[in-house]
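Read the structure below first, then the notes.
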Amino acid sequence: MTTDFIHPGFVLIIGALLLPFIMGPLRKPYLILMPILAFACVLKMQNGTYGVVHFMDWQLTFGRVDALSQVFGYIMTLMCIIGSMYGLHVKDPKEHMAAWMYVGGSLGVIYCADYITLFIFWELMAFSSVFLVWFRKRKESLPTGFRYLMVHTAGGLILLAGFVLRYKATGALDFNLLDVDHPTLYTYLIMVGFILNAAVPPFHAWLPDAYGEATVSGAVFMCAFTTKTAVYALARGLAGLDILIVLGVIMALYGVVYAVLENDARRLLAYHIISQVGYMVAGVGIGTQMAINGACAHAFAHILYKGLLFMGCGSVLYMTGKSKFSELGGLYKKMPWAFVFTLIGGLSISAFPLFSGFVSKSMIVYAGFEEHLYWAAFLLTLASAGTFLHTGLKVPYFIWFGKNNCSRETWEKAADPPWNMNVAMAVASFLCIFIGSYTPYLYKMLPYQNEAADYALHVYSSYHVSESLQILLFTALGFFLLIKKLAPEPTISIDMDWFYRMGGRGFYWLARKPIQTFDTWFGEVYRTVGLYPLMTTAKFWSWFDWHGIDGVVDGLARLVRNTGAKLRTVQNGRLQYNIYYAVSIVAVLIVAYVFG
Amino acid sequence: MIVKLIDYLRDRLKTVIRLCYVVLGLLVVYDVTFVDKHAVHTAMEKLPGFWSVFGFVACVLIIILSKWYGHVKWFGSKFRIMSPEDYYDN
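For the protein sequence lines, the chains are R and Z, in the order given. Residue numbering for the first sequence follows the numbering used here, beginning at 1 and increasing consecutively. Residue numbering for the second sequence follows the numbering used here, beginning at 1 and increasing consecutively.
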């Protein structure tokens, strides 16, 4: 490995492993320093291929640096700084460790160039981020985390099946653009693996389920990394696959519909992730250089404003313990700064001129019009009215204005959050406005520079500004005319997770009744038929062992026994800790291979 | 400071609302008179105030259709998308 390339993901993974040993007054500086170090690694990189390792018959590549991976690497590490700042007050080192492992996994996917490396980091993301749900430590957190893990494990297996089939068919493991004009079974399997992480319906229900339940600062990380890493993977591997246009448009509208119904602020934001990622997926499906630029730009802007929105609503949850509209309202007197920051996030996601969404989202719609995909372009524009309706209007209105549904206790607890949360929100707010107002900052990073320069001339044209303002302000008019219809209702919305939540109960029933009956019956048969010969054989081997082998391998046996005893203490812990050890071991192995 | 500004505007809510209507009107006037519509992709975008109507209709449609989707009793049963919060606890 050369000094030109230090993997930012490894910086965070090693940083996470060292974190428990950094204590006292050093902890907080360390929490900011390591993400900044990872960010510096990204800034220092030059295009090229690094970290190539030969492992068995395969060539693993950990560091493919080009324009596409750089724009994602840049924003991921930047968001890691902001997220760590936001969670600075969290005392439990395990939560920071899980978050950094998770970001490390995401960066590993972004810089890798083969499916094996991709898969390892893909799994690392799922297995570390689930802790950000479990650490909420509510009664619901544990089952929610397991559902999240189960869905992602299933998605990972489909992805695995996809690239193994491809390996069988072509002998290649490289992670590059697949032949999207002639898709085969493995193309679709890989696609399903990717779009499950991008939360494309019907594989999306894990997202609002988990993000609504995650810890306050955990949700800030989760909203940024999983879906956008999947967008990167789609842009790298499946750009131009037509079905993604249809799926993306469905996503964009689906998220909007569920956001109307949602009563929990963070779940509403989660549904709007689905809607916004829909634009990116559609952009990847269109697949032209303009559209890929748009998908990258929108992912970049989205990570910041969605992080900001989750930070704003998270600070309300942190201070008051509430996140439901039917238990909040009228808080502008108590939390004015949180309101201003959330509003900036809302205006950015809604694509108001001078805010970040304006210069990114429209690029995808523009690419759609250019390709004469009018239906897609108009439906995406329709969804953007819905975005403003909810995130720009409904969220701020029903938390900070509207009818005051706060209990006395909630009202008394409400105040602007600790300084570190405010700083993180201020930085994100600044970047949202900066990106929207000074377009070269973002456009200079995009993969296709000619298209970006073309679009830069168009983005602030009078027509585009007038079009956007009309849509947004007349949406606001509709909102205030129909505001009674939007009053919060204390309900939950049934979504696709119904199938596996209720399906799980069906499985329990199956396990209790028929399977258990069979098991009892089989046990009886086994005891009478199987046990006697087994015992006889065992006696013989015991004799043989005692008289023959033991003398030779006594030392070895003792060693194994001692190791076994050590392992047993590891196994005694709860399942979560076992997963933690497993993930740490994987991380150590990766590091060993790279440096070895 | 922020709270004072918000309270100042809330005390004059009627004026603020009137001002908003004026802004909406001016926006349509601006669209009809000044905006260059040479490069539009479809003919209907040339209609005066097209995107105003689009935005308003989109908003109303989204609210009404979504609420219908959430409240309607599916398959003639008691099942609704918007269910009580303890739905999964039973």
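For every residue, glycine included, the Cβ atom is placed at its ideal position computed from N, Cα and C.
Exercise for the section: Give a yes or no on whether 8 Å exceeds the smallest Cβ distance from GLY55(Z) to chain R. Expected result: Position 55 of the second sequence holds residue 55(Z). Closer than 8 Å to some Cβ of chain R, the Cβ of GLY55(Z) qualifies, so yes.
Handout entry: Interface residues of chain R facing THR15(Z) [CB-CB closer than 8 Å]
Key = Taking the first residue of the second sequence as 1, we reach residue 15(Z) at position 15. Going along chain R, no residue has its Cβ under 8 Å from THR15(Z), so there is no contact; the nearest lies around 15 Å.
Exercise for the section: Using only alpha-carbon positions, find the residue among ILE349(R), THR381(R), ARG267(R) that is nearest to VAL249(R). Expected result: In the first sequence, residue 249(R) corresponds to position 249, counting from 1. Selected option, being the one with the closest Cα: THR381(R).
Exercise for the section: Under the assumption that MET265(R) contacts ILE399(R) (Cβ atoms under 8 Å), give the Cβ distance between them as a whole number of angstroms. Expected result: As a working note, residue 265(R) is residue 265 in the first sequence. As a working note, residue 399(R) is residue 399 in the first sequence. The question names Met, yet the displayed sequence has Ala at residue 265(R). ALA265(R) to ILE399(R), Cβ: 6 Å. Contact.
Practice task
Please confirm whether SER493(R) and ILE81(Z) have their CB atoms less than 8 Å apart.
Solution key: Within the first sequence, the letter at position 493 stands for residue 493(R). Within the second sequence, the letter at position 81 stands for residue 81(Z). Yes, the Cβ-Cβ distance between SER493(R) and ILE81(Z) is below 8 Å.
Problem - For VAL22(Z), the first and last residue of its enclosing alpha helix (DSSP H) - result: The residue given as residue 22(Z) occupies position 22 in the second sequence. Run containing VAL22(Z): 13-33, per the alpha helix (DSSP H) assignment.
Handout entry: Residue nearest to TRP411(R) in terms of C-alpha spacing, selected from GLU489(R), TYR332(R), GLY278(R)
Key = Translated into positions along the first sequence, residue 411(R) becomes position 411. Considering only alpha carbons, the answer is TYR332(R).
Practice task
Grab me the residues of LYS403(R)'s own chain with a C-beta within less than 6 Å of its C-beta, minus the 5 sequence neighbours each way, in chain order.
Solution key: Residue mapping note: residue 403(R) aligns to position 403 of the first sequence, counting from 1. The residues are GLY329.
Practice task
Look up LYS67(Z) in the DSSP assignment and say whether it is helix, strand or coil.
Solution key: For the purposes of this step, residue 67(Z) is identified with residue 67 of the second sequence, where counting begins at 1. In the structure shown, LYS67(Z) sits in a helix (DSSP, three-state: H, G or I).
Exercise for the section: Give me the Cα-Cα distance between LEU111(R) and TYR463(R), rounded to the nearest whole angstrom. Expected result: In the first sequence, residue 111(R) corresponds to position 111, counting from 1. In the first sequence, residue 463(R) corresponds to position 463, counting from 1. Checking the sequence shown, residue 111(R) turns out to be Tyr, not Leu. Cα to Cα, TYR111(R) sits roughly 39 Å from TYR463(R).
Handout entry: Validate contact between the stretch 194-214 of chain R and the stretch 225-244 of chain R using beta carbons, cut 8 Å, 3 pairs
Key = yes
Exercise for the section: Measuring only between beta-carbons, confirm whether ALA385(R) sits less than 8 Å from chain Z. Expected result: Locating residue 385(R) in the first sequence gives position 385, counting from the first residue. Yes, because at least one Cβ of chain Z sits closer than 8 Å to the Cβ of ALA385(R).
Exercise for the section: Could you tell me whether any Cβ in chain R is nearer than 8 Å to the Cβ of ALA58(Z)? Expected result: In the second sequence, counting from the first residue as 1, residue 58(Z) sits at position 58. At least one chain R Cβ lies under 8 Å of ALA58(Z).
Problem - Residues near ILE32(R) by beta carbon distance below 8 Å, same chain, minus five either side - result: As a first step, residue 32(R) must be located in the first sequence, where it is residue number 32. For ILE32(R), where only same-chain residues beyond five positions count, the Cβ hits under 8 Å are ILE81, SER84, MET85, LEU88.
Problem - With 16 other Cβ atoms within 10 Å as the buried cut-off, status of GLN70(R) - result: Start at 1 with the first residue of the first sequence, and residue 70(R) comes out as number 70. Its Cβ being crowded by 16 or more others within 10 Å, GLN70(R) is buried.
Handout entry: Buried versus exposed call for VAL359(R) [16 or more other C-beta atoms within 10 Å across all chains shown]
Key = For the purposes of this step, residue 359(R) is taken as residue 359 along the first sequence, with counting starting at 1. Classification for VAL359(R): buried.
Handout entry: Under the three-state DSSP convention, the category THR77(R) falls into
Key = The residue labelled residue 77(R) in the question sits at position 77 within the first sequence. If DSSP states are grouped into helix, strand and coil, THR77(R) belongs with the helices.
Exercise for the section: Would you check if the stretch 441-457 of chain R and the stretch 34-49 of chain Z touch, i.e. whether three or more CB-CB distances between them fall below 8 Å? Expected result: no
Exercise for the section: Answer with buried or exposed for ARG10(Z), where buried requires no fewer than 16 other C-beta atoms within 10 angstroms of its C-beta. Expected result: Here residue 10(Z) refers to the residue found at position 10 of the second sequence. With fewer than 16 Cβ atoms within 10 Å of its Cβ, ARG10(Z) is classed as exposed.
Handout entry: In DSSP terms, what TYR50(R) is bridged to
Key = Your numbering for residue 50(R) matches position 50 in the first sequence. TYR50(R) is bridged to GLY63(R).
Handout entry: Partner residues on chain R for LEU24(Z), Cβ-Cβ distance less than 8 Å
Key = In the second sequence, counting from the first residue as 1, residue 24(Z) sits at position 24. Here the neighbours are LEU473, PHE474, LEU477.
Practice task
Could you pull out every residue in the same chain whose Cβ sits closer than 7 Å to the Cβ of GLU371(R), ignoring the five residues on either side in sequence?
Solution key: Locating residue 371(R) in the first sequence gives position 371, where the first residue counts as 1. ILE286, THR288, listed in sequence order.
Problem - Pair within 8 Å by beta-carbon distance, SER350(R) and PHE388(R) - result: Translated into the one-based positions of the first sequence, residue 350(R) becomes position 350. Translated into the one-based positions of the first sequence, residue 388(R) becomes position 388. Yes; because the gap between Cβ atoms is below 8 Å, this pair is in contact.
Practice task
Closer than 6 Å by C-beta to LEU244(R): which residues in its own chain qualify, once you throw out the five before and the five after it? Chain order, please.
Solution key: Here residue 244(R) corresponds to residue number 244 of the first sequence, with the count starting at 1. For LEU244(R), where only same-chain residues beyond five positions count, the Cβ hits under 6 Å are VAL281, VAL284, GLY285.
Exercise for the section: Using a Cβ-Cβ cut-off of less than 7 Å, give me the residues of the stretch 456-470 of chain R that come near chain Z, in sequence order. Expected result: SER462, TYR463, SER466, GLU467, LEU469, GLN470
Problem - Proximal residues to PRO20(R) (C-beta, below 7 Å), its chain only, five neighbours per side dropped - result: Along the first sequence, one-based indexing puts residue 20(R) at 20. Excluding sequence neighbours, PRO20(R) sits near PRO93.
Practice task
Can you give me the Cβ contacts of TYR211(R) inside the same chain, cut-off strictly under 7 Å, excluding the 5 residues immediately before and after it?
Solution key: Translated into positions along the first sequence, residue 211(R) becomes position 211. ALA219, MET222, CYS223, ARG266, ALA270.
Handout entry: TYR254(R), buried or exposed, once every other Cβ within 10 Å from all chains shown has been counted against 16
Key = For the purposes of this step, residue 254(R) is taken as the residue at position 254 of the first sequence. Looking at its Cβ environment, which holds 16 or more other Cβ atoms inside 10 Å, TYR254(R) is buried.
Practice task
Taking only heavy atoms of the ligand MG into account, decide whether any of them is closer than 7 Å to the Cβ of LEU178(R).
Solution key: What this structure holds is no ligand at all, so the ligand MG is not there to describe.
Practice task
Kindly identify the DSSP beta-bridge partner or partners of THR491(R).
Solution key: Your numbering for residue 491(R) matches position 491 in the first sequence. Looking at the DSSP assignment, THR491(R) forms a beta bridge with PRO84(Z).
Practice task
Using a Cβ-Cβ cut-off of less than 7 Å, give me the residues of the stretch 486-515 of chain R that come near chain Z, in sequence order.
Solution key: LEU486, GLU489, PRO490, THR491, ILE492, SER493, ILE494, ARG501
Practice task
Output yes or no for whether 8 Å exceeds the beta carbon distance between MET3(Z) and PRO336(R).
Solution key: Locating residue 3(Z) in the second sequence gives position 3, counting from the first residue. Locating residue 336(R) in the first sequence gives position 336, counting from the first residue. Note that residue 3(Z) is Val in the sequence shown, not Met. Against a cut-off of 8 Å, the Cβ pair of PRO336(R) and VAL3(Z) comes out as a contact.
Practice task
Would you identify the three-state DSSP class for ASP55(R), choosing helix, strand or coil?
Solution key: Stepping through the first sequence from its first residue, residue 55(R) is reached at position 55. The sequence as given places Phe at residue 55(R); Asp does not occur at that position. It is a strand residue.
Practice task
Kindly list the residues whose CB is nearer than 6 Å to the CB of MET421(R), restricted to its own chain and excluding five residues on each side of it in sequence; keep chain order.
Solution key: Stepping through the first sequence from its first residue, residue 421(R) is reached at position 421. Same-chain partners within the cutoff: TYR86, SER315.
Handout entry: Contact set for PRO490(R): own chain, Cβ-Cβ below 8 Å, skip 5 residues either direction
Key = Taking the first sequence and counting its residues from 1, one reaches residue 490(R) at position 490. Excluding sequence neighbours, PRO490(R) sits near ASN263, LYS324, SER326.
Handout entry: Own chain partners of SER437(R) with C-beta closer than 6 Å, once the 5 adjacent residues on each side are dropped
Key = For this step, residue 437(R) is matched to residue 437 along the first sequence. These residues qualify, in order along the chain: LEU354.
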